Amino acid sequence: MTCIRRETGGANARYIFIQDKSAPKFGLSVRFYVEQLDKGLIANVLKGGQWGSYRHLPLDQQSNVSSLQVEHAYVNTLTRGDLSSLRWIEGPLTYYRSDNFPNMKFCSVYYAPLNFRDIMLASGKLPPDALPRNMATEECILGLEFSGRDSDGRRVMGIVEAKGLATTVVADVDFLWEVPEKWTLEQAATIPVAYATSYYALFIRGQLKPGESVLIHAGTGGVGQAAIAIALHAGCTVFTTVGTLEKREYLKKMFPQLNDRHIGNSRDTSFEQLIRAETQGRGVDVVLNSLAEEKLQAGIRCLAFGGRFLEIGKYDLSNDNRVGMSMFLKNTAFHGILLDGLFGDDNAEKKELVRLVSEGLKNGAIRPLQSTVFSEQQLEQGFRFMATGKHIGKVLLKIRDEEPKKQCVAPAPKTVAAIPRTYINPEKSYILVGGLGGFGLELAGWMVGRGAKFIVLVSRSGIRTGYQALCVRRWRESGAKIVIFTADVTTLSGTERLIQESNRLAPVGGIFNLAAVLRDALIENLEEADFKTVISPKVDVTKNLDTVSRKLCPSLDYFVVFSSVSCGRGNMGQTNYGFANSAMERLMEERQANGLPGLAIQWGAIGDVGLVIEMMGDNDTEVGGTLPQHMSSCLATMDVFLQQPHPVLASAVLAEKFKSDDGNKADIIATIANILGIKDVTSINPSNSLADLGMDSLMGTEIKQTLERNYDIILSAQEIRVLTFARLQELSSSEIPKELKSIEANTTTTVDSNEHNMQSLLMQWPSNEVLPKEALVRLKTKNSKGPTLFIVHGIEGLVKSLEYVANELERPLWGLQCVEQAPHETISELAEFYVKAIRKVQKKGPYHLAAYSFGTCVAIEMTLQLESAGEKVILSLIDGSLAFVRQQCDIIGKLEEMKNVTSEGCMKALAYFSIQFNKKISLNQAYNILKESKSDVEMFDKMIEIIGDTPFTQDDLKIAGYLLFKKLAATVIYNPSKKIQGPVTLIKATENFIPLEKDYDLSNICTQPVRVEEVSGNHRTILLGESAKHIANLLQV
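Residue numbers for the sequence shown follow my numbering, beginning at 24 and rising by one.
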C-alpha cells in the first residue's frame, strides 16, 4: 500500500489489514468496517480487537552504549583517534573451546598494562598497517600483555598479539611464564613486554656482550628500566637518557651502579655530545632507541665502529623517514625491533627469547618495575596519563582483585558493562539463501570473522564469478567449511534437503534469506507473472524455511529475512516488491508470537555491492528518498539488529540533509576541554590558544579528527594550534557546520580564514613601547665573556620577547630592532642595514647570528651578505625559516595586493595589527571597517579608532602598523640569491605541527646539513621558563 500511494492517484488509497481471527468477515457493507473506513484513515490494522496502524519508531538501543554485563570483554576505541571513545566491548570467548585454539591457554586477566603502541594506535598517530602480518585487518589491536590466572588456576604473566586489554584472553603457551611466589600479580604485569623487548633487542638482535657499552633512551620507561637492569646484570657499561630531573634522581636511586655522568637528556640531542665526551669520541657499541626524528639521527651518530642500532619505536618506521647510508661506513647495523613479529609459526628467535626471559626470572636479572594503576573504568584517564609521558615505569589497568592465596585458585567470574556484540557459534551451521550475491558474500565474510565455522551458501546458479570463488577459497583457508547448495528451495522438498544437509554439517543455528528479484512497473502495468517472480524467492522460500525449521532446527538462534524500505516507506513502481516484503514481515511477527526467532530488516538502498550498484551505478543514487548505505555501515547495523527483540527493524540513510542540533554543537567546548584535560572551562582565559593551554601533538591530532568527524569543521593543524575557546564558542553557536564560521559568502573570506596562521608570528609589544627607538640594543645576560651573539627581532620589530632567553645566556648578546629609519622595501635592504649596525660592534668575523620567527628571514640574508664579503657566519634560527614565515604571512594575499598603502594586503595587515590591541573585535569586522576608507589617511584614522585606548601615541601606532605590512610584503617577494655555506642550527618548537619538512625546508637554501634541535612548547611558550633555558644552552658556543 505504501508503494501504491506514491503512484498517480494513490493518495486516495486506503487499506484494512485484519490480524484478528475473531473479527467479523470483511465486507464494505458490514457496519463494523464501514464505521472505521468513514474515519478516512489510510492504515487500518485490526489486531486483538483493537484498531491501529503501523509506525516507524526510533530504536532505543544505541551501538555505543555499554548496556550489557558480560564476562568476556575487551577494550577498544569506537572511533580511531578519539580517546574519549574508549569502551569495553563484548568479546568472542563466550564460545571458547580449547580444541579450537591449539597450543593456546585460556587465561583470566587481573592486570592489563598499557604500552606506547596502544597509545599511538588509539590516538591515530600510528596507522594499523605499521604492524606486522595482517594485524591491520583485525577489529582490535590494543593490548600486548597481562598478568592473571590460567584455566588451571596458576598465576601467570604473558604476551599476546592483540586484545590484551581484556577480562579474558587466549595466550600462546610459549609466551606464558609462571609468576614467582614472592611477586604480586600487579608486579608481574610490569614484566612481560618490557623485559621481552629488552632481551630480544639487546641480546638476540643486538648481540650485546659483557663489557660492551650501550645507550638506552627513555631510561625510566618500562623498556628503559628493563634494559638497564639486564644490561647491568650482564656486565655492560650503560648510558641512558631521561626527560626530567625527577626521573634522573629516580634512576640513580633504582640503579646505584649508574654513573651520574652517563645520564643525558632525552628532550634534545645534547646526549650526542655526552656520549662523545664520555667515550673519548669512540661512541657506544649498541643504541636502544625509542626517540624520533632528529634525536634518532643523533643516536645513530653515537654508534662506535661496528655498532648496532636497535629501533623499538615505530614512528619513524611507519612514516618512512630516511636514514643516511653514510652510517654504514662505520660497519654498523640498523635493526627494526618488532616483538609482535614473533607470533605465529615457531622460530629459533622465539625459542631463544623464551629461554632468556625464563633464565632472567631465575637468576634475578628481572625485577618488577614501578607502576601506576587505574581501575577498569578509568580507560580514558589511563590512556591520557600515559600519553603525557610523565609516568615512570608501567601504567596498568586493574581488572580484578588478586586473591590472598597465591596457590592455584580458580578465578571468580568478573563482569563489566560492555557494548553488546554479535558472535557466531562455531559449533552450529548457518544458511544464507542468496549467499553468493553482493550482500551475501559480505555477510558470510562478516560471519566467518565473528566465529562461524560452517556456512551453507544457497544459490541456484552456484559460483559464477572469480570473486565468488576467491571469497570461498579464503574462508576455507581460514578453517571454515563452506558448502554451496544449488537445489531449488522454492519447493518444500528442496528446502527439506537443504536443512538436512546443513544439519549433517552441524546443527543449524541461523537462517538468512537475502534473495531478491525485481520486476518494477507501475501497478496498472504489473501482471500476475510479475508478482509471482518477485514473491517466489521472498515469500515462498521464507514460508518453506519457516515450516521445515520448526521441525528440524530445534537449536535455531537466528531467522532473518531482508525486507526493504520500499515496503516500510513505499517506492513508486515496486508494489509487487513491497507486497512480497510485507508478507515476509508478517511471517516474522508470527514466529516471534510463537516464541521463535524471527527478524525482518527493512534495508534502504545498499551501497558498494548488490542490486542498486548493478542497476543504477553508484553510491549517490537516490532510491525511495534514501541514499545507498555503505556495506561497513550495514554490517555494523546487523551487529546491533541481531540482538534486538523486535520482529521488524529498518535501516536507511535519508537523502534529506538536516542541520546538526544545537546540543551537539554546544558539546564542542566540553569535548575539546576533555581532550586537553581541563575540568572547569570557566577557570581559563577564553582568549588563550589551545597550544597555550598545553595541547601537544597527540592532542592536536585527536582534536583535528574530532572536529572533522563530529562537527564537520575542517581546520589545518596550524589553525588548531592557535584556536581559542572563545572561537570554539562562536563555532558552537554557528549555523554553518563548515570549516570556520568566518568563511562567509562575502569579500572578507580570505581574511578570517588566515587569522589563525598570523597568530603564530607572535606579536608581543612591551607595555611602554610599540616602535623601537634604537636599532641595536645590548641585552642583559648572565655573562659578558665569550663571542658576541647578535639576534634579530620577531615580527613586532622589538627584542623584548627574547629577554627570558637573554637572561639565561652566558655570553654577550645584542638585539637588532626594526626602527622607523630602517629600509623596509626589501629583505636585502633591511639585512644590509643590520649588517652595518653589527659591524660597529664587531669589525670582523666569525659572526654568530641568531633570529626568532620573522627575523629568521632577515638573518638568512645577513648571513649571505656576510659570506659574500668573505666572513664566516654561525647561524641559529629559533622556530622560523623563510618557508615557515611565508606560510604564516598568507594574510596579506597575493603579490598584486601589495602595490601600495591602500591595497588589499595593507588593509588586511592593518586589520590584524588592530585586533592585537582590541580583542573584542574580529578580524573580519576590522577589515570591513578599514575597507570603507576612501583614502589612506582615513584608513589609518579608522585603525586608531578600532585600537582604542593604549599607552602608545597615535603616530607610533600608525607607523608600527604600516611597518608590519612592509615587513610581511618584503618577506613574500624575498628569494635568497644563493645558498648558505656555513653551519645552520634550527631550534624548533615540539608543538608546532606544521606541514613542512622537519628542518622547515632550510635544506633548500643550505649547503651543509641543517642541525635540528627541539624545545618543549609552542611558538610562543618556547621563549619562557625551562624552554628559554634550553634555548640559551643551545645558543652557547
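Ideal placement from N, C-alpha and C gives every residue a C-beta, glycine not left out. All figures in this text were calculated on a predicted structure; none of them were measured in a lab.
Item, Value
"Compare the C-alpha of Ala-603 against each of Asn-536, Ile-883, Tyr-134 and Leu-619 and name the closest.", "Asn-536"
"Between which residues of its own chain and Ile-116 is the CB-CB distance below 6 Å, once the five residues before and five after are set aside?", "It should be noted that the sequence gives Leu, not Ile, for residue 116. Closer than 6 Å at Cβ, skipping near neighbours: His-95 and Thr-191."
"From Gln-303 to Gln-296, what does the alpha carbon distance come to, in whole angstroms?", "10 Å"
"Which whole-angstrom value describes the C-beta separation of Glu-184 and Phe-366, a residue pair presumed to lie in contact below a C-beta threshold of 8 Å?", "5 Å"
"Rounded to whole angstroms, what's the CA-CA distance from Leu-610 to Leu-619? Just pull it up for me.", "11 Å"
"For Met-180, is the classification buried or exposed, using 16 other Cβ atoms within 10 angstroms of its Cβ as the cut-off for buried?", "buried"
"Just confirm the distance between the C-beta atoms of Gln-625 and Val-671, as a whole number of angstroms; I'd bet it's less than 8 Å.", "7 Å"
"If you measure between the beta carbons of Ile-335 and Tyr-218, is that distance less than 8 Å?", "no"
"Which of the three DSSP states is assigned to Thr-565 in this structure?", "helix"
"Which residue wins for smallest C-alpha separation from Ser-174, given the options Gln-230, Ala-435 and Leu-326?", "Ala-435"
"Which two residues bound the contiguous alpha helix (DSSP H) that contains His-256?", "245-256"
"Using 8 Å as the threshold, is the region 413-420 in touch with the region 235-242, meaning 3 or more CB pairs across them?", "no"
"Only counting runs of 3 or more residues, tell me where the beta strand (DSSP E) segments fall wholly within the region 534-608, in order along the chain.", "581-587"
"At what residues does the beta strand (DSSP E) containing Asn-830 begin and finish?", "Element bounds for Asn-830: not the beta strand (DSSP E) but the alpha helix (DSSP H), 826-830."
"Taking three-plus beta-carbon pairs below 8 Å as touching, is the region 839-857 in contact with the region 797-815?", "yes"
"Apart from the five residues on each side of it in sequence, which residues of its chain come closer than 8 Å, Cβ to Cβ, to Trp-837?", "Leu-799, Val-800, Arg-801, Leu-802, Thr-811, Leu-812, Phe-813, Ile-814, Ile-861 and Val-864"
"Going by alpha carbons, who is nearest to Leu-333 out of Thr-220, Lys-428 and Thr-264?", "Thr-220"
"Out of Tyr-581, Ala-538 and Gly-723, which one is the CA nearest neighbour of His-669?", "Tyr-581"
"Count the other CB atoms, across all protein chains shown, that sit within 10 Å of the CB of Phe-936; report buried if there are 16 or more and exposed otherwise.", "buried"
"Could you tell me which whole beta strand (DSSP E) segments of length 3 or greater appear in the region 64-152?", "66-70, 73-75, 91-93, 96-100, 109-113 and 127-137"
"Is the number of C-beta pairs between the region 491-511 and the region 467-474 that are closer than 8 Å three or more?", "yes"
"Judging by CA-CA distance, which residue of Arg-28, Ala-46 and Ser-501 is the nearest neighbour of Tyr-38?", "Arg-28"
"Go through its chain and collect everything with a Cβ distance to Val-261's Cβ below 7 Å, but skip five positions before and after it.", "Val-237, Ile-239, Ile-251, Ala-254, Leu-255, Leu-281 and His-285"
"Just the Cα atoms here: how many angstroms apart are Glu-1049 and Lys-270?", "16 Å"
"Spatial neighbours of Leu-376 within its chain, please: CB distance less than 8 Å, with the 5 preceding and 5 following residues excluded, ordered by chain position.", "Ala-219, Tyr-222, Tyr-223, Ile-227 and Leu-365"
"Rounded to a whole number of angstroms, what is the C-alpha to C-alpha distance between Lys-275 and Thr-1008?", "32 Å"
"Determine the extent of the alpha helix (DSSP H) in which Asn-697 is found, giving its start and end residues.", "685-699"
"Here's a check: name, in chain order, each residue in its chain whose Cβ is nearer than 6 Å to the Cβ of Thr-355, leaving out the five neighbours to either side.", "Leu-326 and Gly-330"
"May I ask you to verify whether the region 508-515 touches the region 564-577, counting CB pairs closer than 8 Å and requiring at least 3?", "yes"
"Can you find a heavy atom of the ligand GTP that lies under 7 Å from the Cβ of Thr-102?", "This structure simply doesn't include the ligand GTP, nor any ligand for that matter."
"For Thr-263, report the span of its beta strand (DSSP E) as first-last.", "260-265"
"Report buried or exposed for Ser-452, applying the criterion of at least 16 other Cβ atoms within 10 angstroms of its Cβ.", "buried"
"Is DSSP giving Met-180 helix, strand or coil here?", "strand"
"Could you tell me which residues DSSP pairs with Lys-504 in its beta bridges?", "Phe-477"
"Phe-169: buried (16+ other C-beta within 10 angstroms of its C-beta) or exposed?", "buried"
"Using DSSP with H/G/I as helix, E/B as strand and the rest coil, what is Glu-403?", "helix"
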